[in-house]
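A.B. asks:
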Amino acid sequence: MKRSPQAVLLVLSGTGLLHISLFTDLYLRYVKEWMRPMLIASGVLLLLLGVADAWSHRRPGPHRDEGERGAHEDHDGHRHDHSGVPRAAWLLLLPALSMLFYAPPTLGSYTASRQTSKPVVRQDDFEPLPAASPLPLTLGDFTSRVRQDREQAVEGRSVQMTGFVTPGERGEGWDLTRLLINCCSADAQAVKVRIHGSEAPPADTWVTVVGTWHADGTLGTSSAAVALDARTVSKVDRPTNWYMDALPSPLPR
């Protein structure tokens with residue numbers, strides 16, 4: 001690969017990074033929001049390197065003729081051309097073009113179905129729950145309260161949670177799911193709540209479920225089922241930042 005294609009690849013890669021991080025929110029499909037400034041800085045750097053590389057090889061100078069560019073003679077007088085780059089570098093063209101023209105879909109039920117639910121972080125104290133009904137909760141908060149809250153504050157409460165649909169194994173039931181990432185989509189972990197009393201919507205559909213804790217096991221202990229008896233299941237729009245365990249938006253009345 002000659003210098004001109006090398007510069008093109010740098011420019012395309014930089015433009016692609018700027019496209020997904022500066023002008024759209026597509027970067028949220030790959031990394032967390034706090035990494036946006038680093039993606040923008042990387043895109044600008046690649047763009048500048050590409051432009052500088054292209055400019056440097058347009059300038060006239062000594063020893064720029066075709067016979068001498070990128071070549072030297074060894075001790076035997078043989079000429080070797082070192083102006084190229086390994087052919088594998090062409091593989092950079094694919095992610096560069098994908099960032100510009102086709103963004104891969106987000107992780108979803110396919111990934112979540114192959115994971116167990118994220119372990120509950122140990123928590124000793126819980127804040128009192130507000131009196132709202134239905135009570136909006138994140139999937140993680142619901143899981144922690146079901147398994148660890150000795151006050152059993154969720155018992156009999158109507159709760160509301162939002163996530164996407166993950167079909168159960170062998171078609172047995174379904175889970176309300178969120179995928180959480182620490183840094184990027186490669187380290188995604190699933191948080192799941194099993195839903196009872198409602199037919200499963202299509203996989204990856206985003207829904208808000210209103211219901212009560214499915215009484216199975218002893219509430220406030222590790223034996224309690226992380227499950228909900230659904231009263232209503234409403235389809236909602238997918239959130240912009242889907243790799244977060246966020247509170248549900250209020251349902252329209």
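Using my numbering, you'd call the opening residue of the sequence shown number 1 and step up by one each time. For glycine and all other residues, C-beta sits at the position ideal for the given N, C-alpha and C.
My output table needs one value for Pro-37: the three-state DSSP class, helix, strand or coil.
C.D. replies: helix
A.B. asks: So what's Arg-170 in DSSP terms, helix, strand or just coil?
C.D. replies: In the structure shown, Arg-170 sits in a helix (DSSP, three-state: H, G or I).
A.B. asks: Whole angstroms are fine: how far does the CA of Ser-158 sit from the CA of Arg-145?
C.D. replies: 14 Å
A.B. asks: To which residues of the same chain is Gly-16 closer than 6 Å at the C-beta, ignoring the five residues directly before and after it?
C.D. replies: Ala-96, Met-99 and Leu-100
A.B. asks: Mind reading off the beta-carbon distance from His-237 to Trp-206? Whole number of angstroms is fine, and I expect it under 8 Å.
C.D. replies: The residue asked about is misnamed: residue 237 is Asp in this sequence, not His. That pair is a contact at about 7 Å.
A.B. asks: I need the DSSP call for Gln-6, collapsed to helix, strand or coil.
C.D. replies: helix
A.B. asks: Can you give me the C-alpha to C-alpha distance between Leu-22 and Leu-247, rounded to a whole angstrom?
C.D. replies: 26 Å
A.B. asks: Quick test of your reading: Val-255 and Arg-178, contact by CB under 8 Å. State the CB separation rounded to the nearest angstrom.
C.D. replies: Nothing can be reported for residue 255, as the shown portion of the chain is limited to 1 through 253.
A.B. asks: Exposed or buried, Trp-55, counting other C-beta atoms within 10 Å across all chains shown (16 or more means buried)?
C.D. replies: exposed
A.B. asks: Starting from Arg-285, trace the alpha helix (DSSP H) both ways and give me its first and last residue.
C.D. replies: Here the chain comprises residues numbered 1 to 253, so residue 285 is not present and cannot be evaluated.
A.B. asks: Does DSSP put Ile-20 in a helix, a strand or coil?
C.D. replies: helix
A.B. asks: Leaving out five residues before and five after Leu-46 in sequence, what residues of the same chain have Cβ atoms less than 8 Å from its Cβ?
C.D. replies: Leu-10, Val-11, Ser-13, Gly-14 and Leu-17
A.B. asks: Taking only beta-carbon atoms, is Leu-17 less than 9 Å away from chain B?
C.D. replies: In the displayed structure, chain B is absent; only one protein chain is listed.
A.B. asks: Can you look up Asp-53 in the DSSP assignment and give me helix, strand or coil?
C.D. replies: Looking at Asp-53 - three-state DSSP - the assignment turns out to be helix.
A.B. asks: Please list the terminal residues of the continuous alpha helix (DSSP H) segment that includes Leu-93.
C.D. replies: 93-101
A.B. asks: Could you give the C-beta distance for Tyr-243 and Leu-180, rounded to a whole number, given that I count them as a contact under 8 Å?
C.D. replies: Contact holds; Cβ gap of about 6 Å.
A.B. asks: Please state the DSSP three-state secondary structure of Asp-216.
C.D. replies: Secondary structure at Asp-216: coil, using DSSP grouped into helix, strand and coil.
A.B. asks: Could you name each continuous beta strand (DSSP E) segment of 3 residues or more that falls completely within the segment 174-248, going from the start of the chain to the end?
C.D. replies: Complete beta strand (DSSP E) runs here, min 3: 174-180, 189-196, 206-213 and 227-235.
A.B. asks: Would you tell me roughly how many angstroms separate the C-alpha atoms of Ala-131 and Ala-153, rounded to the nearest one?
C.D. replies: 11 Å
A.B. asks: Would you mind stating whether Thr-116 and Ala-188 have Cβ atoms separated by less than 9 Å?
C.D. replies: no
A.B. asks: Terminal residues of the continuous alpha helix (DSSP H) containing Tyr-110?
C.D. replies: Element bounds for Tyr-110: 109-112.
A.B. asks: Can you say whether Trp-174 is buried or exposed, counting buried as having 16 or more other CB atoms within 10 angstroms of its CB?
C.D. replies: buried
A.B. asks: Helix, strand or coil: which one does DSSP assign to Gly-14?
C.D. replies: helix
A.B. asks: Within 10 angstroms of the Cβ of Gln-123, are there 16 or more other Cβ atoms? Answer buried if so, exposed if not.
C.D. replies: exposed
A.B. asks: Is Leu-228 near Gly-211, with beta carbons less than 9 Å apart?
C.D. replies: Yes. Within cutoff.
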